[in-house]
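Numbering (UniProt numbering), first residue to last: 1 to 442.
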Ligand code: NAP
Ligand code: HSE
């Protein structure tokens, strides 16, 4: 019989994720002990309200509202309460008391990661965060460890399950935005404040975390360009689908070395984009996530799986817990975050991509030429023009009526496209610029 020591684990949060973490810790205690080489004992679960209705996964005797005392008695602290405070204070206390910390809290890491990682390094502890990005999918370890000897060039991912679920439902069963969001919330995918999901904040936080790791550079959240999905109508999704595209909220982080334009550094951005049906990311349905990584040596890699949900996220948390517990058994210092490259952060204006611009225009002779002229003036090359395909109705052909024009561009710089759109909006023949959407992965 092997004599194991006992590692004491404090769980902060007993909600969607915490309940499943508790259940697995309790139900799989013997298996975990064998994998770790120590007993892993759940000593308590800190919650906000002892009387709140909650999942039966957590034995009532373990519940407490005294998180600070719980932390003091722990070797490892798991933070799955979310939000900035008091999570930041509790993690700080845990690290200061010598505990390793596992967190799923991307908001906290995106805002205060630098300070928390520095503290962990200073006290010789480790902060684990696999669950903070893309739920169950292993992506932090591959970027930090498996690709540590390679050069990552680009990351393009679907990292928010809620928005992917919403866009998917809007396309597949014609649900409205509000209906699909309500279902995503019921299923436990959405953040406590779903604005974080639909306005792209959650994806931006995850993009900042991924970009920091991939490019060995501290990426400030303010440097991440962000657009959400509120402006994406069911009509745009349906017409994109007919044209062979899916609409996805993408998080993109890429190395840009453009000696001609003088832009060298990293661009990190989140926006809805058209992606061709043939691209692997277009096949990511429901609340699933996927991260497509291009590296110099490894080529293209795709990481795919559940991006949200209690049991799924708990799986990633448990993986980190096992790593933390093994580190306690083996000993040795924690691994510092690698930020030595210190690359410049580039604004979205220097990014080059393709665009679909949809215009409502007067259906008159010469209009097309005047529009083409605006594109040419800003060096934006037009790839295709379609009338009435992508727009709301059948194209009108009678003088005095308006028609819908969809203009697809070749690669163009964001600043040139923005100037083109501004000038188009001023043209007398253009009734409105209905939508401007980027095309990625084509
Ligand atoms: P949740 O269901 O809202 O649960 C939060 C838990 O934390 C609740 O048990 C709550 O207590 C407790 N809590 C909140 N504030 C507290 C405080 N001040 N003191 C003590 N306890 C407090 O959240 P969740 O969905 O499990 O998410 C937890 C974390 O995981 C978040 O950082 C989230 O971004 C991240 N995450 C979630 C998912 C997902 O699919 N849900 C996926 C990946 C990452 P009460 O129960 O008493 O209210
Ligand atoms: N609200 C997040 C999402 C949870 O929908 O992806 C997982 O981080």
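Built from N, CA and C at the ideal position, the CB exists for glycine as well.
(message) Taking 7 Å as the cut-off, is the C-beta of residue 307 nearer than that to any heavy atom in the ligand HSE?
(response) For the ligand HSE, a non-hydrogen atom lies closer than 7 Å to the CB of residue 307.
(message) As a quick exercise: from 171, 144, 413, 364, pick the residue whose alpha carbon is nearest that of residue 404.
(response) Here the closest residue by C-alpha is 364.
(request) Compare the C-alpha of residue 123 against each of 425, 97, 189 and name the closest. (result) Ranked by how close their Cα comes to the Cα of residue 123, the residues 425, 97, 189 have 97 in first place.
(message) Measuring alpha carbon to alpha carbon, tell me which residue in 407, 351, 240, 353 is nearest residue 369.
(response) When each option's Cα is compared against that of residue 369, the closest is 407.
(message) Counting C-beta neighbours from all protein chains within 10 Å, is the total for residue 441 16 or more, i.e. buried, or is it exposed?
(response) Result: buried.
(request) Indicate, with yes or no, if the ligand ZN has a heavy atom lying under 7 Å from the CB of residue 360. (result) In the structure on display, the ligand ZN does not appear, and the ligands it does have are the ligand NAP and the ligand HSE.
(message) Is residue 189 a contact residue of the ligand HSE, with contact defined as CB to any heavy atom under 7 Å?
(response) Yes - the ligand HSE has a heavy atom lying nearer than 7 Å to the Cβ of residue 189.
(message) Buried or exposed for residue 249, going by 16 or more other Cβ atoms inside 10 Å?
(response) Residue 249 counts as buried, since no fewer than 16 other beta carbons sit within 10 angstroms of its beta carbon.
(message) Do residue 298 and residue 150 have their beta-carbon atoms positioned less than 8 Å apart in this structure?
(response) A contact, by the Cβ cut-off of 8 Å.
(message) Looking at the ligand NAP, does it come within less than 7 Å of residue 182, judged from the CB to the closest heavy atom?
(response) Using a cutoff of 7 Å, the CB of residue 182 does not count as near the ligand NAP, since none of the ligand's heavy atoms is closer than that.
(message) Looking at the ligand HSE, does it come within less than 7 Å of residue 157, judged from the CB to the closest heavy atom?
(response) No.
(request) Along the beta strand (DSSP E) that carries residue 460, what are the first and last residues, could you check? (result) Missing from the structure shown is residue 460; the chain here goes from 1 to 442 and no further.
(message) Rounded to the nearest angstrom, what separates residue 392 and residue 433 at their Cα positions?
(response) Because residue 392 sits at a pLDDT of 42, beneath the cut-off of 50, its placement in the model cannot be relied upon, and the point is left open.
(request) Measure the C-alpha to C-alpha separation of residue 445 and residue 204 and round it to an integer number of angstroms. (result) Given that the chain is displayed from residue 1 to residue 442, the structure contains no residue 445 and the question cannot be resolved.
(message) At a cut-off of 7 Å, would you count residue 286 as near the ligand NAP, judging by its Cβ distance to the nearest heavy atom?
(response) No.
(message) I need the straight-line Cα distance from residue 87 to residue 207, nearest angstrom please.
(response) Separation of residue 87 and residue 207 (C-alpha to C-alpha, rounded to the nearest whole angstrom) is 21 Å.
(message) Would residue 162 and residue 193 be called neighbours here (beta carbons separated by less than 8 Å)?
(response) No, the pair does not count as a contact, with Cβ atoms beyond the cut-off.
(message) Assuming residue 83 is part of the alpha helix (DSSP H), what are its boundary residues?
(response) Per DSSP, residue 83 belongs to no alpha helix (DSSP H) and is neither H nor E.
(message) Measuring only from the beta carbon, is residue 199 closer than 7 Å to any heavy atom that is part of the ligand HSE?
(response) The closest heavy atom of the ligand HSE lies 7 Å or more from the beta carbon of residue 199.
(request) Leaving out five residues on either side along the sequence, give the residues of the same chain with a beta carbon under 6 Å from the beta carbon of residue 398. (result) A caution first: residue 398 carries a pLDDT of 46, below 50, which makes its placement in the model too unreliable to give a value.
(request) Identify every run of the alpha helix (DSSP H) within the stretch 133 to 211, keeping only runs that are complete inside it and at least 4 residues long; order them along the chain. (result) Complete alpha helix (DSSP H) runs here, min 4: 161 to 172, 177 to 186, 195 to 198.
(request) Tell me, to the nearest whole angstrom, how far the beta carbon of residue 65 is from that of residue 44; I am working on the premise that it is less than 8 Å. (result) Not quite, the Cβ-Cβ distance comes to about 10 Å (not below 8 Å), so this is no contact.
(request) Report back the beta-carbon spacing between residue 306 and residue 100 to the nearest angstrom; my notes put them in contact at under 8 Å. (result) Actually they are not in contact, since the Cβ atoms of residue 306 and residue 100 sit about 25 Å apart, beyond 8 Å.
(request) Please report how far the alpha carbon of residue 375 lies from the alpha carbon of residue 257, in whole angstroms. (result) Taking the straight line from one Cα to the other gives about 25 Å.
(message) Rounded to whole angstroms, what is the Cα-Cα separation between residue 390 and residue 52?
(response) Because residue 390 sits at a pLDDT of 40, beneath the cut-off of 50, its placement in the model cannot be relied upon, and the following sentence gives the value as read from the coordinates. C-alpha separation (whole angstroms): 49 Å.
(request) Give the straight-line distance between the Cα atoms of residue 73 and residue 31, rounded to the nearest whole angstrom. (result) Taking the straight line from one Cα to the other gives about 23 Å.
(request) Pull up the distance between the alpha-carbon of residue 225 and that of residue 55, whole angstroms please. (result) Rounded to the nearest angstrom, the two C-alpha atoms are 38 Å apart.
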